[in-house]
Amino acid sequence: MSDDQRPTPVLDNPEETRQKLEHWLASQLNSKVRIPALNVPEGTGMSNITMVFDAVHDNAQTSTTTSYVARIEPRGDYLVFPEYDLDIQCRVIEMLSQHSDIPMPEIVAKELSGQVLGKPFYIMTKTEGHIPPDMPPYHMDGWLTEQTPDTRRQLWQAGLSRLAQVSKLDIHAPAIKAVLTSLDIPKNLDEQLTYWENYYRWGYQRGGEFLPHDSAERALKWLRVHQPEEQAIALCWGDSRMANVIFTPDKSDVAALLDWEMVALGDPLQDLAWWIYMDELFCHGLDFPPLEGFPSRWESAQQWAQQSGYSIDQLHYYLVFAGLRFALLLGRMSVGQNNEDSINSHFSSCFEVKYLEKILSETPA
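Per my numbering, residue -13 is the first one in the sequence shown, and the count goes up by one each step.
Next up, the structure:
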């Protein structure tokens, strides 16, 4: 899949944005601030706009430079999600930063009214480290291809360990419970399935015409028929994958977990399934061999089970759930880009749909 099939949201008028951001950040930090330039990296995501910039803080006698990352809510037609709520993302990140040992980015300022840039945004101190590339996939290109198999295995296992830490978070601790109770997010599997059923009805409309996605419809029905009881209700990261992890500069651990826009409550096994599915999809699903050193599906599942204390008996169900969600997201992008090949085949020609069908056909272990 090429970069233009997963577009990075566009920032309108970067120079005007730079000037407004410079003035606003100075008022928030109560210091003189200069932002020489804004950088909007390509391939950094499918929804929020990401900006990376240095800010020069001019004091009476010295100047210091700090690197920041800003996330801006996207606007426009054919967005990936029907609604964006940066406040939810901020509150989850701040909650985990303040009330857990899970490594998170540091939010230094946020503006959620839209009065400064015309849309909500928040700013984080840039976390130094290594992020596995998203496009092209890390199995094909990037710094992971240059590592030894042992290093790759250690990085994968470090990420899984932090995922297990998220799964074990005590959501009934008073400070955490207070935040999660107030969030407008799906809070069990049934609510999540309803969300994705509604997403399908919303996301596949174009010019008053509904565009059917045959495999997604089959998967949605299968998920309802085979819906299991959750083994527990836990915090689910949502977009839990290697490309949303910053590894420490020495590649020994995780420095931060990124992108909480799909956060929900549910069976924690769904985060493990998404982690595994997204890795498999971007190697096996593209008929490309995985890098040497990456553990198998079952090795990974067993590590997570041991560290989290949860069962993996329903892993197949949640792999289907992962495949369904990602197929719907990419299909929505095809609708927005008017991709006739995908639309005319009812999306059956898409690589992610073929892999969803493969997972559906598997016999649960």
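In this text, a Cβ means the ideal position worked out from N, Cα and C, and glycines have one as well. None of these values were measured; they are calculated from a predicted model.
Among the candidates the options, whose CA atom is the shortest distance from the CA of residue i?
{"i": "H157", "options": "D265, N330 and G252", "result": "The question names His, yet the displayed sequence has Ile at residue 157. When each option's Cα is compared against that of I157, the closest is G252."}
{"i": "L314", "options": "H302, S328 and L301", "result": "S328"}
{"i": "W368", "options": "A202, T167 and F196", "result": "Residue 368 falls outside the range modelled here, since the chain spans only -13 to 351, and no answer is possible."}
{"i": "T51", "options": "R20, L72 and T36", "result": "R20"}
{"i": "E285", "options": "T134, L301, D273 and L272", "result": "L301"}
{"i": "V66", "options": "A150, F312, Q213 and I345", "result": "F312"}
{"i": "S347", "options": "W208, D73 and D239", "result": "W208"}
{"i": "S83", "options": "A242, W261, M248 and F39", "result": "A242"}
{"i": "Q213", "options": "E80, L179 and K344", "result": "L179"}
{"i": "Y303", "options": "R210, S49, A12 and G322", "result": "R210"}
Name the two residues that bound the continuous beta strand (DSSP E) containing residue i.
{"i": "K18", "result": "K18 to R20"}
{"i": "L305", "result": "Element bounds for L305: not the beta strand (DSSP E) but the alpha helix (DSSP H), L301 to G322."}
{"i": "F337", "result": "Taken as a continuous stretch (DSSP letters only), F337 belongs to no beta strand (DSSP E), being part of the alpha helix (DSSP H) at F337 to S347."}
{"i": "L149", "result": "Premise fails: L149 lies in the alpha helix (DSSP H), P135 to S153, not in any beta strand (DSSP E)."}
{"i": "L197", "result": "Unbroken run through L197: none, as it is neither H nor E."}
Terminal residues of the continuous alpha helix (DSSP H) containing residue i?
{"i": "H9", "result": "P0 to L15"}
{"i": "T167", "result": "P160 to S168"}
{"i": "A218", "result": "Premise fails: A218 is in no alpha helix (DSSP H) and is neither H nor E."}
{"i": "I171", "result": "Per DSSP, I171 belongs to no alpha helix (DSSP H) and is neither H nor E."}
{"i": "I298", "result": "Neither: I298 is in no alpha helix (DSSP H) and is coded neither H nor E."}
So, is residue i buried or exposed, given that buried needs 16 or more other C-beta atoms within 10 angstroms?
{"i": "Y62", "result": "At residue 62 the sequence reads Gly, which differs from the Tyr that was named. Exposed, by the Cβ-count rule."}
{"i": "H199", "result": "buried"}
{"i": "S2", "result": "Note that residue 2 is Glu in the sequence shown, not Ser. Exposed is the call here."}
{"i": "F280", "result": "buried"}
{"i": "H9", "result": "exposed"}
{"i": "A205", "result": "buried"}
{"i": "C336", "result": "buried"}
{"i": "T349", "result": "exposed"}
{"i": "Q47", "result": "exposed"}
{"i": "E338", "result": "buried"}
On the DSSP bridge list, what partners appear for residue i?
{"i": "T111", "result": "Y54 and E92"}
{"i": "A242", "result": "I232"}
{"i": "E97", "result": "F107"}
{"i": "H85", "result": "According to DSSP, which records beta bridges pairwise, H85 is partnered with nothing at all."}
{"i": "N25", "result": "V38"}
{"i": "G252", "result": "A220"}
{"i": "R192", "result": "E195"}
{"i": "S49", "result": "D44"}
{"i": "H116", "result": "F233"}
Validate contact between the segment 137 to 154 and the segment 279 to 297 using beta carbons, cut 8 Å, 3 pairs:
yes
Are the segment 210 to 228 and the segment 100 to 107 in contact at 8 Å, needing three or more beta carbon pairs?
no
Under 8 Å: do the segment 263 to 270 and the segment 121 to 137 share three or more Cβ pairs, one atom per stretch?
yes
Closer than 8 Å is the cut-off here; do at least three beta carbon pairs connect the segment 81 to 97 with the segment 110 to 120?
yes
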